[in-house]
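As they're listed, the protein sequences go chains A and B. Read in order, the letters of the first sequence correspond to residues 29 to 145 in the working numbering. Read in order, the letters of the second sequence correspond to residues 29 to 145 in the working numbering. The beta-carbon is built from N, C-alpha and C at its ideal position, and this holds for glycine as well. Small disclaimer: the values here were computed from a predicted structure and weren't measured.
Number of protein chains: 2
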Amino acid sequence: MDLIRIYQCFCDPTRLRILHLLSQTPLCVCHFQEILDEPQVKISKHLAYLRERGMVVAERDQNWMIYSLPKKRDAELQANLKCLQDCVQTDSIFKRDLRALAKLRTKADAPDGALLA
Amino acid sequence: MDLIRIYQCFCDPTRLRILHLLSQTPLCVCHFQEILDEPQVKISKHLAYLRERGMVVAERDQNWMIYSLPKKRDAELQANLKCLQDCVQTDSIFKRDLRALAKLRTKADAPDGALLA
DNA sequence: CGAGCATATACCGGCATCGGCATATTCGTC
DNA sequence: GACGAATATGCCGATGCCGGTATATGCTCG
């Protein structure tokens with residue numbers, strides 16, 4: 029029942045927003061802080077939660093930790109991420125997150141590997 | 029963020045099995061007991077949890093409570109139920125549940141409204 | 001009305017989650 | 001080696017979930 033692990037990860041708003049953003053591009057913790065407007069601890073802990081359960085992978089780039097979706101995802105995760113994308117279209121919070129991400133991208137002060145997709 | 033409510037409902041194995049079965053046909057509590065092989069209290073509580081959150085509806089037929097998916101489901105629930113159906117195809121537990129359901133149907137001792145779909 | 005079946009609820013203990021505060025770790029720079 | 005930036009972790013209290021035992025409710029039938 030790997031599905032359970034997926035749904036457990038999906039059932040918190042902060043984690044859902046994180047996964048939604050990562051569907052667009054890899055990001056580091058400080059980007060999440062800025063886009064989601066949440067304290068560092070909170071972000072960091074949710075990322076740890078997701079990492080422990082294989083929903084995201086992390087890679088160090090100097091001072092930054094760059095988080096992304098795993099390259100190889102099993103069918104269940106892939107299907108649910110797709111479903112999430114579909115469901116999220118109309119929600120104002122997720123739309124706002126996307127706008128904030130776009131704004132960050134124009135700044136172009138990103139560490140290697142993040143924000144370039 | 030209605031999505032959160034959906035994922036909270038999806039993140040327990042018993043509830044997931046219940047929803048999967050209800051995607052096939054309405055059922056009453058004692059059918060769940062038999063198919064899932066779980067105690068009555070457990071089933072009843074998970075059904076209450078799902079009912080309070082609008083994932084299922086209940087209707088009384090004499091002594092029985094017949095549970096089913098709501099006729100009108102919003103897009104998010106519909107999408108996720110579909111996704112669940114897709115993800116579940118290969119899982120042995122869910123397949124076993126379907127076999128147990130089929131066996132129940134042949135008995136044809138169901139109360140009105142359940143098991144007839 | 002009393003018995004019995006089907007289902008729901010109250011209460012409890014154990015455990016996970018969540019968020020916050022403080023502190024630790026890791027890396028780059030001077 | 002000290003410092004600062006970026007991130008992670010330990011500890012805590014509050015809350016919610018989960019499953020079990022016992023008990024209550026609703027319905028039917030004799």
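Which residue's Cα is closest to the Cα of residue i: the options?
i: leucine 49(B); options: Pro41(B), Asp125(B) and Asp40(B); result: Asp125(B)
i: alanine 147(B); options: Val57(B), Lys110(B) and Leu112(B); result: Residue 147(B) lies beyond the residue range present for chain B, which begins at 29 and ends at 145; the question has no answer from this structure.
i: aspartate 119(A); options: Pro41(A), Arg33(A) and Gln36(A); result: Pro41(A)
i: leucine 78(A); options: Ile34(A), Ala107(A) and Asp102(A); result: Ile34(A)
i: arginine 101(B); options: Arg81(B), Val116(B), Met93(B) and Gln90(B); result: Arg81(B)
i: methionine 83(B); options: Asp89(B), Glu104(B) and Ile63(B); result: Glu104(B)
i: glutamate 87(A); options: Lys131(A), Lys123(A) and Leu55(A); result: Leu55(A)
Which of helix, strand or coil does DSSP assign to residue i?
i: valine 57(A); result: helix
i: aspartate 88(B); result: The displayed chain sequence assigns arginine, not aspartate, to residue 88(B). It is a strand residue.
i: serine 96(A); result: strand
i: arginine 101(A); result: coil
i: aspartate 140(B); result: Residue placement at aspartate 140(B) is flagged as unreliable, the pLDDT there being 48, under the threshold of 50; the coordinate-derived value follows with that caveat. It is coil, neither helix nor strand.
i: glutamine 36(B); result: helix
i: proline 67(A); result: coil
i: glutamine 117(B); result: coil
i: serine 72(B); result: helix
i: glutamine 106(B); result: helix
i: arginine 81(A); result: coil
On the premise that residue j lies in contact with residue i, defined as a C-beta separation below 8 angstroms, what is that separation, rounded to the nearest angstrom?
i: leucine 129(A); j: glutamine 52(A); result: 6 angstroms
i: cysteine 111(A); j: cysteine 111(B); result: 4 angstroms
Against chain B: residues of the stretch 31-53 of chain A by CB proximity under 8 angstroms
So the close ones are Leu31, Ile32, Tyr35, Gln36, Phe38, Cys39, Asp40, Pro41 and Leu44.
Pull out every residue of the stretch 104-116 of chain B whose Cβ sits closer than 7 angstroms to any Cβ of chain A, in chain order.
Taking 7 angstroms as the cut-off between beta carbons, the residues of the stretch 104-116 of chain B near chain A are Glu104, Ala107, Asn108, Cys111, Asp114 and Cys115, in sequence order.
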